[in-house]
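Residue numbers (my numbering): 97 to 468.
Notes follow the structure.
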Ligand code: NAD
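Quick look at the structure:
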């Protein structure tokens, strides 16, 4: 069976869905790997590296002969239309934002898998691209802040005097937030973090940071994920967080609620009250923003603070983001590979959960409803 690694066509995407190091895991399972010429360049993998690893390099209409297509961003509808009926695609596919892609996959009889829909169960951890990419984003968020902050992160005791550590506040202590906490700690900052999930308090403390306790009832929902809160409670949360925000040199926000717009956690007056030169990194900017006024891909001055709106942050560290992403993809493909053939078994809850379309049908009722 022919597995094609597609070159990314969307703006600002430097990752690639398979790295040379992992080609052998697919070929040794009996799959042929073809890489669209130049697909790895954004992540610094030239065609020759894939060739040396056992892949072929394809150019021209590479998708027409593909049995399985791997990509980071979903293929565009016109590229999906070129696939043969029964072909499989594996990529990120945020279905509610990409309904035209879902429709194109359904109409082309393509079996499309969304890595966002891989269930978050222990057995699927090695396929969990949300986690691997959030790790990259959390790390990068701190480096952006450290680079832009006009002061030190660590405590520095010098003959010329003592410089206190930077005060970093992280809002949302999930995968990205905890990685941000760990990275800021490693750089020597004094770190505080907050999340609505009670379990995150111990995780934050175990990283040497202080957990911010707010006088708010817990919002933990099923499976340990956060639930959306009422507007009244959300405003109370913002009001209680505001003094912590204004006392920080760096604010990093990562809060999300699966399938929803990101919660607004910080309003403009709290940012305006920060010290001149403070840095705000809103990792949730693309999904609505945790910080009022943040714009994906833009740096805005708000009072004396700089507000950095995230846009495809994992792609800004394409080498390791691709390495981790590729491992997630390979693990999912191998889960479905039997005797050198990718044959999805929908009795497996991972396969069942991640498959968006199959045999001309959209498999999730909520997505069918959204398509009308
Ligand atoms: P996420 O990206 O959906 O959200 C990020 C964080 O924002 C979460 O911790 C959430 O509680 C928090 N948040 C939401 N609303 C908030 C608000 N109003 N104020 C403050 N914080 C708010 O979540 P994630 O980082 O992908 O994962 C969250 C948790 O899920 C992890 O910490 C982990 O416990 C669990 N998880 C489990 C697995 C697995 O079992 N395979 C994999 C990944 C994550």
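In this text, a Cβ means the ideal position worked out from N, Cα and C, and glycines have one as well.
Run the proximity test for residue 291: is its beta-carbon closer than 6 Å to any non-hydrogen atom belonging to ligand 1?
yes
Expected contact under 8 Å - CB spacing of residue 106 and residue 169 to nearest Å
5 Å
Could you tell me how far apart the beta carbons of residue 186 and residue 429 are, in whole angstroms, since I believe they sit closer than 8 Å?
6 Å
Considering only their Cβ atoms, is the gap separating residue 349 from residue 336 smaller than 7 Å?
no
Under 8 Å, with one C-beta from each stretch per pair, do the segment 237-254 and the segment 263-277 reach the 3-pair mark?
The answer is yes - the segment 263-277 touches the segment 237-254, with three or more Cβ pairs under 8 Å.
Residue from 435, 127, 410 and 373 with nearest C-alpha to residue 138:
410
So residue 247 and residue 373 are supposed to be a Cβ contact under 8 Å. How far apart are they, rounded?
With a Cβ gap of about 7 Å, residue 247 and residue 373 count as contacting.
CA-to-CA distance, residue 166 to residue 263, given in whole angstroms:
42 Å
Flag this pair as yes or no: are the beta carbons of residue 110 and residue 440 separated by less than 7 Å?
Against a cut-off of 7 Å, the Cβ pair of residue 440 and residue 110 comes out as no contact.
Closest to residue 184 by CA distance: which of 202, 145, 394 and 416 is it?
The alpha carbon of residue 184 has as its nearest neighbour, out of 202, 145, 394 and 416, the alpha carbon of 202.
Is it a yes or a no for the segment 212-226 touching the segment 249-266, going by three-plus beta-carbon pairs under 8 Å?
no
By alpha-carbon positions, which one of 119, 125 and 101 ends up nearest to residue 435?
125
What residue from 370, 301, 421 and 233 has the CA that sits closest to residue 380's CA?
Taking only the C-alpha atoms, the option nearest residue 380 is 233.
Residue range of the alpha helix (DSSP H) that includes residue 147:
143-148
Going by DSSP, what residues sit across from residue 405 in a beta bridge?
Partner(s): 378.
Looking at ligand 1, does it come within less than 6 Å of residue 227, judged from the CB to the closest heavy atom?
With a threshold of 6 Å, the Cβ atom of residue 227 counts as near ligand 1, since some heavy atom of the ligand is closer than that.
Between residue 216 and ligand 1, is there a pair consisting of the residue's CB and a ligand heavy atom that are separated by less than 6 Å?
yes
Ranges of the beta strand (DSSP E) found wholly within the segment 117-179, counting only runs of at least 3:
128-132, 152-154 and 164-166
What does the alpha-carbon distance come out to for the pair residue 174 and residue 467?
18 Å
Quick check: does the Cβ of residue 359 come within less than 6 Å of any heavy atom belonging to ligand 1?
yes
Out of curiosity, what's the CA-to-CA distance linking residue 172 and residue 197?
6 Å
Taking 7 Å as the cut-off, decide whether the C-beta atoms of residue 367 and residue 398 are in contact.
yes
Indicate the three-state DSSP secondary structure (helix, strand or coil) for residue 449 in the structure shown.
helix
Check this for me: beta carbons of residue 334 and residue 363, under 7 Å apart or not?
Going by beta carbons, residue 334 and residue 363 fall inside the 7 Å limit.
Residue of 205, 370, 280 and 326 minimising C-alpha distance to residue 457:
205
Assuming residue 265 is part of the beta strand (DSSP E), what are its boundary residues?
Bounds of the beta strand (DSSP E) holding residue 265 are 263-267.
Supposed close pair residue 97, residue 127 - CB separation, criterion 8 Å:
5 Å
Relative to the C-alpha of residue 328, which candidate in 412, 104, 229 and 359 has its C-alpha closest?
Answer by Cα proximity: 359.
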